[in-house]
Structure formats: structure tokens, C-alpha cells
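One structure is given here, and the rest of the page talks about it.
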């Protein structure tokens, strides 16, 4: 079945440093979504990317969707302690199945 | 307030007992989903439903059952056949039946089997 891989699994940064997480799918995706889960919480939607090569920004967060629509990245500029959590990418699963397959997530720890 | 309500938040059960987790939404969403999350892991799809009285197996459906008798409700039963049921269970919903659009998650139910 479709797999969605994320790297790194874990990253520890000093506050103010940048952070990037990468997502790779074994199949072409019609769209990709990103979620953030705070420790002890539930995933919260951040953004959806649909077009090949699309780049979207939300304040310090920049999201990219690859040209082949098989990979994506999330970049955070100048991390803050409020950025702590696990970031997941997710994409639609096999054709005909309208549900999201989630990546394994990247856990971000920010040292003040 | 519109949202998804999961109950109970914490649940302890003895091995061999069936357990039903409740999920109710008042967002008027068509699609509902159940995911399982193990410590330090991603979310794995158990079951999903696009419309009332219809549901499909996800990647790890063995040992679980669901029903969708009402649009607002999608309960999950963890049966005694589930080999390792201790986990964090997340219910989600989404407007429409397509493959785009954000998932709205409940706060989750943490099941511990003793």
C-alpha cells in the first residue's frame, strides 16, 4: 500500500534556529496536508497543498509541494517554544479510498 | 460550539473485554474516521465512513468494529480479538466525501488494557 515517510523523526533546536521536516510518498498525491500535534493533544490542521510546485507561507512557516507531487516540506524560520510538537504530513491513500495516510511525524523540541 | 466529542477520555479495561469508544460530531460532516496512535508513532487508519450506513476498513481494521447509524455518530468497538489494544484513539471528521479538505479531530480516547 501507499507509504508516507517523514524525516527526521526527531529534532532538537535552540530557540531562534530554523527547522525543516521532509515528507516523501511512494505514490503521486493529489494533495498533501500538514498537521501539528502538541504534546498530549490532538492533531490540528495547518495547511493543504494541491498544485505541483506550490509554496505557501503562514507567518514563519513555509510549506512546499514537490514538482512530481510525491514530496513536501515544512520549514520553520526562527523557531519559538510555541513551535514544540509533532508535525505530520498526510496524503490521500490508494485510489478510491478517500482517507488520509499519515507520515510517522517529526517531533520538534525547542530549547529556550 | 461545533466540534467533535470523544468519550471517555481515559478508559481502563481488563484483557478480553470489549470496549466501545464514542465519537459524536455536530459539524454536519459527511465523512468520519477512526485512527489509532501508539507512543511516538504516526496515525494509522482503522475504519472510515463516507455516508450513513456505510463504512470501509482501513489499514488495521482487525479486532475492531464500527457502525454509522446516524450522521453525527461513529462509535468504535475494540473487541477482545484485538491483540494489542492499548493506544490513543482519535476520531476525525471531514466535510464532503472527496479526498481533499481538512480533518477535524476530537481530543482522543486513551485506552489502557490491563
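Residue numbers (our numbering), protein chains in the order written: chain C, 5 to 116; chain E, 144 to 257.
Even glycine gets a Cβ: it sits at the ideal position worked out from N, Cα and C.
All values derive from a computational prediction rather than experimental measurement.
**Prompt:** Buried or exposed: where does residue 155 (chain E) fall if 16 or more other Cβ atoms within 10 Å of its Cβ makes it buried?
**Reply:** Flag for residue 155 (chain E) reads exposed.
**Asked** residue 230 (chain E) to residue 254 (chain E), Cα distance in whole Å?
**Response** 6 Å
**Message:** Counting only Cβ pairs nearer than 7 Å, list the residues of chain E close to residue 108 (chain C).
**Reply:** 184, 185
**Prompt:** Between the stretch 58-78 of chain C and chain E, which residues of the former have a C-beta closer than 9 Å to a C-beta of the latter?
**Reply:** none
**Item:** Cutoff 7 Å: residue 42 (chain C) Cβ touching any chain E Cβ
**Value:** For residue 42 (chain C), no Cβ of chain E is located within less than 7 Å of the residue's own Cβ.
**Message:** Which residue wins for smallest C-alpha separation from residue 92 (chain C), given the options C:106, C:85, C:84?
**Reply:** C:106
**Residues that residue 174 (chain E) contacts on chain C, provided the C-beta gap is smaller than 9 Å** = Going along chain C in sequence order, the residues near residue 174 (chain E) (Cβ under 9 Å) are 102, 103.
**Prompt:** Along the stretch 26-52 of chain C, what residues have a CB closer than 8 Å to any CB found in chain E?
**Reply:** When C-beta distances to chain E are compared with 8 Å, the residues of the stretch 26-52 of chain C below that value are 34, 35, 37, 39, 45, 46, 47, 48, 49, 52, in chain order.
**Request:** Return the CA-CA distance between residue 68 (chain C) and residue 27 (chain C), expressed in angstroms with no decimal places.
**Result:** 10 Å
**Request:** Return the chain-ordered list of same chain residues with a C-beta closer than 6 Å to the C-beta of residue 33 (chain C), the five sequence neighbours on each side being excluded.
**Result:** 73, 95
**Asked** Is it right to say residue 191 (chain E) is buried, meaning 16 or more other beta carbons lie within 10 angstroms of its own, or is it exposed?
**Response** Residue 191 (chain E) comes out buried.
**Item:** residue 242 (chain E) at chain C interface by Cβ criterion, 7 Å
**Value:** Chain C contact via Cβ: present.
**Request:** Return the first residue and the last residue of the beta strand (DSSP E) that residue 72 (chain C) is part of.
**Result:** Counting along the chain, residue 72 (chain C) falls outside any beta strand (DSSP E), and DSSP gives it neither H nor E.
**Prompt:** Do you know offhand how far residue 195 (chain E)'s Cα is from residue 176 (chain E)'s?
**Reply:** 13 Å
**Prompt:** Among E:216, E:189, E:158, E:203, which one has its Cα closest to the Cα of residue 149 (chain E)?
**Reply:** Checking every option, the nearest Cα to that of residue 149 (chain E) belongs to E:216.
**Message:** For a cutoff of 7 Å on Cβ pairs, would you count residue 188 (chain E) as touching chain C?
**Reply:** yes
**Message:** What does the alpha-carbon distance come out to for the pair residue 38 (chain C) and residue 53 (chain C)?
**Reply:** 9 Å
**Asked** Whose C-alpha, out of E:193, E:202, E:226, is nearest the C-alpha of residue 160 (chain E)?
**Response** E:226
**Message:** For the beta strand (DSSP E) containing residue 212 (chain E), name the first residue and the last one.
**Reply:** Where residue 212 (chain E) is concerned, there is no enclosing beta strand (DSSP E), given that its DSSP letter is neither H nor E.
**Request:** Identify whether residue 110 (chain C) lies in helix, strand or coil by the three-state DSSP scheme.
**Result:** strand
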